[in-house]
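J.:
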Amino acid sequence: MGAQHTSVPRWPTVAPELDRTGRAYAVLTFGPAASVLAAAWQSALETLGRPVWSRHDEQATADCLAELRAQISAATVGWRLLLAGPQSEVLAAYSEAVRGGVLDAEITVVVTETEHRRVWCAHCESTTSAEVMLGAEVPCAGCGRSLFVYHHVSRLHAAHLGFMTDAEEVP
Numbered sequence: 042m043g044a045q046h047t048s049v050p051r052w053p054t055v056a057p058e059l060d061r062t063g064r065a066y067a068v069l070t071f072g073p074a075a076s077v078l079a080a081a082w083q084s085a086l087e088t089l090g091r092p093v094w095s096r097h098d099e100q101a102t103a104d105c106l107a108e109l110r111a112q113i114s115a116a117t118v119g120w121r122l123l124l125a126g127p128q129s130e131v132l133a134a135y136s137e138a139v140r141g142g143v144l145d146a147e148i149t150v151v152v153t154e155t156e157h158r159r160v161w162c163a164h165c166e167s168t169t170s171a172e173v174m175l176g177a178e179v180p181c182a183g184c185g186r187s188l189f190v191y192h193h194v195s196r197l198h199a200a201h202l203g204f205m206t207d208a209e210e211v212p
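Number 212 marks the last residue of the sequence shown (my numbering); no jumps.
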């Protein structure tokens, strides 16, 4: 299976037209590049006169994701989620939203950077965060194995799949 068969999201790097059909909005952005977009979204949504929850963080921390879960729990029909920032942070928030029952059609995503990835180790189940390209190798933060960064993204783990480079070699 080659890179043409991949689960890696191909999210836009430029904001698409704002979905103005929502009844309430949540804007969650990460990093300095996304702060400008957050302000633009906030301004545009204020003109609609609809409720808007907004948060800007540097990373998708446990506290940030807990607050997103609370917003999802309180959401009603017509709720929309706008996410922007580095792919690794957006993926963490996106994963949380999907687990909470938010549909793809209710989420707008803009990615500001794609080099930083979370890589989930298939051997020890830990997650390594690193600037690494698909198809490259990264040492696992948990078990130290050299992981091949595969072109598969898990929504459950909000990370790329990593497996030992020489796993099939028998000593």
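Glycine included, each C-beta is placed from N, C-alpha and C at the ideal position.
1) Just how far apart, CA to CA, sit residue 136 and residue 197?
2) Nearest to residue 133 by CA position, among 159, 142, 153, 151, is which residue?
3) Measure the Cβ-Cβ separation of residue 169 and residue 187 and say whether it is below 8 Å.
4) Considering only the beta carbon of each residue, do residue 91 and residue 63 sit closer than 8 Å?
5) Tell me which residue opens and which closes the alpha helix (DSSP H) that residue 77 is part of.
6) Just how far apart, CA to CA, sit residue 173 and residue 126?
7) Determine the closest residue to residue 122 out of 167, 83, 200, 201, with distance taken between C-alpha atoms.
T.: With the structure as the only source:
1) What you label residue 136 is simply residue 95 of the sequence shown in a count that begins at 1. What you label residue 197 is simply residue 156 of the sequence shown in a count that begins at 1. Straight-line spacing of the CA atoms in residue 136 and residue 197 works out to 6 Å.
2) As a position in the sequence shown, residue 133 is number 92, starting the count at 1. When the alpha-carbon of residue 133 is set against those of 159, 142, 153, 151, the nearest one is in 159.
3) Looking up residue 169 in the sequence shown gives position 128. Looking up residue 187 in the sequence shown gives position 146. The answer is no: Cβ separation not under 8 Å.
4) Indexing the sequence shown from 1 puts residue 91 at position 50. Indexing the sequence shown from 1 puts residue 63 at position 22. Cβ atoms of residue 91 and residue 63: closer than 8 Å.
5) What you label residue 77 is simply residue 36 of the sequence shown in a count that begins at 1. In the DSSP annotation of this structure, the continuous segment of the alpha helix (DSSP H) that includes residue 77 starts and ends at 73 to 89.
6) Along the sequence shown, one-based indexing puts residue 173 at 132. Along the sequence shown, one-based indexing puts residue 126 at 85. Residue 173 and residue 126 have their C-alpha atoms spaced approximately 17 Å apart.
7) As a position in the sequence shown, residue 122 is number 81, starting the count at 1. Residue 83 is the option with its Cα nearest to residue 122.
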